[in-house]
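In case it helps, our numbering puts the sequence shown at residues 405 to 666.
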Amino acid sequence: MSTRPAPPITPYERAVCYYTLPKVVQPLTLGLIWIYALCVIEAIGAFSYGVYANDMDWTTAGAYSFAGIVAFGLVAFFFRAMMNEVRERKALAEARNSPMLTPAEDVPDPFADHVLLRHTAHAKGSLFECASGDDVIHYEVEHHPHTRTWVVRDAGKNELFTVRVLHGIGSFQFTMDRPKLMEVSRAGQSIAKIRRRGGLKASSTEITSETLSPKAILVRNRGIYVNNALRGRIYTMGGYDYLDIHRDTLNDAILGYFVTLT
């Protein structure tokens, strides 16, 4: 189990992760991937037709097009990722260098009604902790890869609920190892379903429940929405994933989804 304390997150870093980074960091969308794949397929098609018809013009055009498209894609995707990294590092560096507010300034806290939880982004072993932003352990998670389940317990080792994969990775999923359908159960009874949906702009996850409140939560680009209103975000910083969410939106279903991200 990981016991390494998380580096403290400052209010400015938290604000940047919650409000700024989603606007300046551009995720790679499924639509862009499909457009690029279509160009590659067309180049391969032209080359194949040239070979089949013994037409050197088509063969040459297809070969050069394929090489050019692959090279352009590598450069474009690398540059896009690099620019996202630069924007993120710059925004976080500015937040770290910002002077802390004094009590006399009396600025309202935008996270006063939020809960902040974190776990290591890449857990080693079958056990890991889920703690608050001030490093107080609230949950213990036991992952069973062979049965594709996560058992969540409270700080007193009492079992709260289990998350189980019901359907693996769907066809044409470009996000690694994200299950298509999961179930959250308590004492053997299903209390929520977690469904991953594909899309040209961005994939999303629908979390539905008949017994929990809220009954429907949508996670899109790591933003958490209830009735189209932003209620929280999931972000990564310093090797940790953070769940930053309104207190009245946190339930076992969204917590179950969060612990499966490690």
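Note that CB positions come from ideal geometry on N, CA and C, so glycine has one too.
Treat the numbers as computed from the prediction; the structure is a model and nothing was measured.
Query, Result
"Which residues DSSP lists as bridging Gln-593, in chain order", "Arg-590"
"Gly-692 to Pro-431 span [Cα, whole Å]", "This structure leaves residue 692 out entirely; the chain is present only between 405 and 666."
"CB of Leu-564 within 9 Å of CB of Met-586, strictly", "no"
"Of the listed residues Val-540, Thr-653 and Asp-648, nearest to Val-630 (C-alpha basis)", "Thr-653"
"Sheet register partners of Leu-520 (DSSP bridge)", "Asp-648"
"CB-CB length for Trp-462 against Tyr-453, believed under 8 Å", "5 Å"
"The ligand SAM heavy atom lying under 8 Å from the CB of Ile-638", "Within the structure as shown, the ligand SAM is missing, as the structure has no ligands at all."
"DSSP three-state assignment for Tyr-416, whether helix, strand or coil", "helix"
"Buried or exposed (CB count within 10 angstroms, at least 16 for buried), Trp-438", "exposed"
"Leu-432 - DSSP class collapsed to helix/strand/coil", "coil"
"Extent of the continuous alpha helix (DSSP H) run through Ser-469", "460-500"
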